[in-house]
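S.K.:
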Amino acid sequence: MASGITSQDADRRAHNDPSSRLRNSQSGELNRAEERFKNLVEANSEQQRKSWALAWKERGGKVIGMLDYYVPEELVYAAGMFPWRVTGTWRGSISRALAYRYTNSCLFCTHVLESLLSGELDFLDGIIATDWDDDMRRLWDVFEHIDKPAFRPAVHVPRANTSVAIDFYAEDLKRLCQQLEKLSGNKVTNDALHQAIEVCNKTRVLLKRVYELRKREKPAISGTEALGLVLASTVMPKEEFNQELESLIGFVEQREARANSFHPRILLASDHLDHPAYIEVVEQSALVVMDDMDTGSRYFWNQVEEDAPPFVALSDSYLNKPACPRMFFWEKQVEQVIDWAREFRCDGVLNFPQTFSFDRLQQAPYFRDRLTEVGIPVLDLTRDYSPAKLGQLQTRIQAFTEMLKETV
0 MASGITSQDA DRRAHNDPSS RLRNSQSGEL NRAEERFKNL VEANSEQQRK
50 SWALAWKERG GKVIGMLDYY VPEELVYAAG MFPWRVTGTW RGSISRALAY
100 RYTNSCLFCT HVLESLLSGE LDFLDGIIAT DWDDDMRRLW DVFEHIDKPA
150 FRPAVHVPRA NTSVAIDFYA EDLKRLCQQL EKLSGNKVTN DALHQAIEVC
200 NKTRVLLKRV YELRKREKPA ISGTEALGLV LASTVMPKEE FNQELESLIG
250 FVEQREARAN SFHPRILLAS DHLDHPAYIE VVEQSALVVM DDMDTGSRYF
300 WNQVEEDAPP FVALSDSYLN KPACPRMFFW EKQVEQVIDW AREFRCDGVL
350 NFPQTFSFDR LQQAPYFRDR LTEVGIPVLD LTRDYSPAKL GQLQTRIQAF
400 TEMLKETV
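Residue 64 in numbering that gives the first Met the number 0 sits at position 65 of the sequence shown, and the numbers go up by one each step.
#1: Leaving out five residues on either side along the sequence, give the residues of the same chain with a beta carbon under 8 Å from the beta carbon of W339.
#2: Is the region 222 to 242 close to the region 44 to 62, with three or more CB pairs under 8 Å?
#3: With the cut-off set at 8 Å, would you say G496 and L378 are in Cβ contact?
#4: P82 bridges to which residues according to DSSP?
#5: Measure the alpha-carbon distance for E279 versus E224 and round it to whole angstroms.
#6: Are the region 114 to 122 and the region 157 to 173 touching by the rule of at least three beta carbon pairs closer than 8 Å?
#7: With the cut-off set at 8 Å, would you say E180 and A285 are in Cβ contact?
#8: Is it buried or exposed for P308, if we count other Cβ within 10 angstroms and need 16 for buried?
#9: DSSP three-state label for T406, please.
#10: Over what stretch of residues does the beta strand (DSSP E) that includes M289 continue unbroken?
#11: DSSP on T129, reduced to helix/strand/coil?
#12: Any idea what DSSP makes of D190, helix, strand or coil?
#13: Alpha carbon to alpha carbon, what distance is there between E28 and R359?
#14: Would you identify the three-state DSSP class for G390, choosing helix, strand or coil?
#15: Which residue comes first and which comes last in the beta strand (DSSP E) that contains G347?
#16: So, do the region 94 to 108 and the region 203 to 214 have three or more beta carbon pairs nearer to each other than 8 Å?
#17: Could you tell me the boundaries of the alpha helix (DSSP H) in which R264 lies?
#18: Starting from the C-beta of N241, find all residues in its chain whose C-beta is less than 8 Å away, skip the five residues before and the five after it, and write them out in chain order.
#19: Thinking C-alpha only, which one of R84, L106, W83 and T86 is nearest S94?
#20: With three or more beta-carbon pairs closer than 8 Å as the criterion, would you say the region 217 to 231 touches the region 33 to 42?
#21: Taking a contact to mean a Cβ-Cβ separation below 8 Å, would you say R440 touches D132 in this structure?
#22: Which value, in whole angstroms, describes the spacing of the CA atoms of R367 and S269?
#23: Is the beta carbon of A468 less than 8 Å from the beta carbon of L247?
#24: Candidates N185, G59, A42 and K147: which alpha carbon is nearest Y76's?
#25: Quick check on this structure: which residue in C176, T188 and V336 has the alpha carbon closest to the alpha carbon of C323?
#26: Return the chain-ordered list of same chain residues with a C-beta closer than 6 Å to the C-beta of R254, the five sequence neighbours on each side being excluded.
#27: Whole angstroms are fine: how far does the CA of F357 sit from the CA of N43?
#28: Could you please give me the residues that DSSP links to R382 through a beta bridge?
#29: Using CA coordinates, which residue listed in A195, S316, I396 and C176 is at the minimum distance from N160?
#30: Please classify N350 as buried or exposed, where buried requires at least 16 other C-beta atoms within 10 Å of its C-beta.
#31: In its own chain, which residues sit with a C-beta less than 6 Å from the C-beta of Q391, not counting the 5 before and 5 after it?
#32: Ordered along the chain, which non-local residues of its own chain (more than five positions away) have a Cβ less than 8 Å from that of A256?
#33: Just list the residues that DSSP pairs V154 with in beta bridges.
#34: If you reduce the DSSP assignment to three classes, tell me which class V373 lands in.
#35: For Q353 and E305, I'd like the C-alpha separation in whole angstroms.
#36: Would you give the residue range spanned by the alpha helix (DSSP H) that T223 belongs to?
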């Protein structure tokens with residue numbers, strides 16, 4: 000009778016082979032790590048982003064909405080509350096908000112107001128507003144008019160980073176801290192502030208470590224994933240985010256982005272961009288390897304000094320974030336973009352302001368001319384806040400990336 004090895008025999012041998020078991024185990028571990036990383040990136044999805052805040056509320060905690068990344072989250076944490084980044088509705092209809100705001104005003108602010116009026120943000124115990132620009136000031140005016148939310152302090156963020164501005168802002172942060180103490184019922188001590196600074200600094204270190212992996216010829220993560228990762232850190236408790244990302248760092252360092260193309264390499268510059276669809280449309284024909292965004296690099300790039308008096312340290316660090324269009328020294332933003340473009344070996348820059356984002360739009364000619372002067376190709380393209388006209392954007396972006404491919 001002819002002898003042979005049956006499939007069952009082969010399966011048994013494979014099961015008993017230690018090398019095979021190790022390979023299967025490693026494959027399983029990689030798949031699990033990829034799934035965990037994917038879940039972390041998707042924490043800011045429309046379905047998930049409220050989950051941690053609602054769980055915090057169920058445990059009796061308070062959640063404070065953060066409109067502006069110039070307001071230190073550390074103050075909210077030190078008061079025993081959860082700072083949660085406010086996102087406007089991603090739906091196209093903003094009929095409620097337009098009863099209070101002009102159609103040619105900041106779309107981010109209009110969509111935030113729509114979320115507030117529709118009840119989407121009713122779980123928040125308050126929202127901290129600032130004077131990031133005139134539109135955000137007018138948004139706070141509407142908060143006052145409709146008397147919602149009940150806790151709505153407005154913080155003046157200086158447009159300079161001089162020693163006078165830093166001292167002024169430190170005093171304003173102390174006043175905000177007193178309001179947070181009253182709401183939370185918790186005394187904000189120096190020890191609590193130092194602990195909050197340490198936790199937030201760890202987030203910054205971890206995110207910057209991941210961004211460094213985008214310098215590689217084949218980056219570890221895509222631009223879409225980078226946006227999701229940064230925003231995850233703003234809608235999850237920092238300790239939980241830090242623990243999860245730190246446990247995944249080794250995996251991410253060995254990872255390669257699942258990209259349609261690794262070239263051309265793009266730096267994307269924008270403000271209030273929090274919907275992944277806009278980066279996805281860029282990455283249909285290129286790869287975003289660096290950004291100049293408040294929902295990206297500018298959010299975490301600087302650490303807060305841990306050994307200095309906390310209010311001065313917070314004021315100094317936050318006012319010295321990488322420059323943005325609302326600051327008096329905004330021309331430094333352009334120089335920072337040039338440095339980043341060279342450091343991350345970018346083939347071109349996409350300046351991607353919101354329609355009616357006047358701070359960025361009015362400096363766009365200088366931005367374009369300065370980049371052109373140093374030989375960096377740039378495309379200026381305006382966008383809505385919620386995903387819209389993606390086909391038209393894709394046509395313009397693809398033409399730009401095709402031009403870049405000819406020069407790479």
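Idealized CB from N, CA, C, for every residue including glycine.
M.R.: In brief:
#1: L266, M289, D291, S296 and C345
#2: Counting Cβ pairs under 8 Å, three or more are found: they touch.
#3: Residue numbering for the chain in the displayed model covers 0 to 407; residue 496 lies beyond these limits and cannot be assessed.
#4: I63
#5: Each residue's alpha carbon lies about 10 Å from the other.
#6: In short, these stretches do not touch, since the Cβ pair count stays below three.
#7: no
#8: Under this definition P308 is an exposed residue.
#9: helix
#10: L286 to D291
#11: strand
#12: helix
#13: Each residue's CA atom was taken as its position, placing R359 and E28 some 44 Å apart.
#14: Three-state DSSP puts G390 in a helix.
#15: G347 to N350
#16: no
#17: R264 -> not in any alpha helix (DSSP H); beta strand (DSSP E) instead, spanning R264 to A268.
#18: V198, K201, T202 and L205
#19: Among R84, L106, W83 and T86, the Cα nearest to that of S94 is on L106.
#20: yes
#21: In the structure as shown, the chain starts at 0 and stops at 407, and residue 440 therefore has no counterpart that could be examined.
#22: 14 Å
#23: Past the boundaries of the shown model lies residue 468; the chain is included only from 0 to 407, so the question cannot be answered.
#24: N185
#25: If we check each option's Cα against that of C323, V336 comes out closest.
#26: Take R254, set aside five residues on each side of it, and the residues of its chain with a beta-carbon closer than 6 Å to its own are A219, in chain order.
#27: 27 Å
#28: Q353
#29: S316
#30: buried
#31: none
#32: K217, P218, A219, I220, S221, E224 and L286
#33: T129
#34: coil
#35: 35 Å
#36: Looking at the DSSP string, the run of the alpha helix (DSSP H) that includes T223 is G222 to V234.
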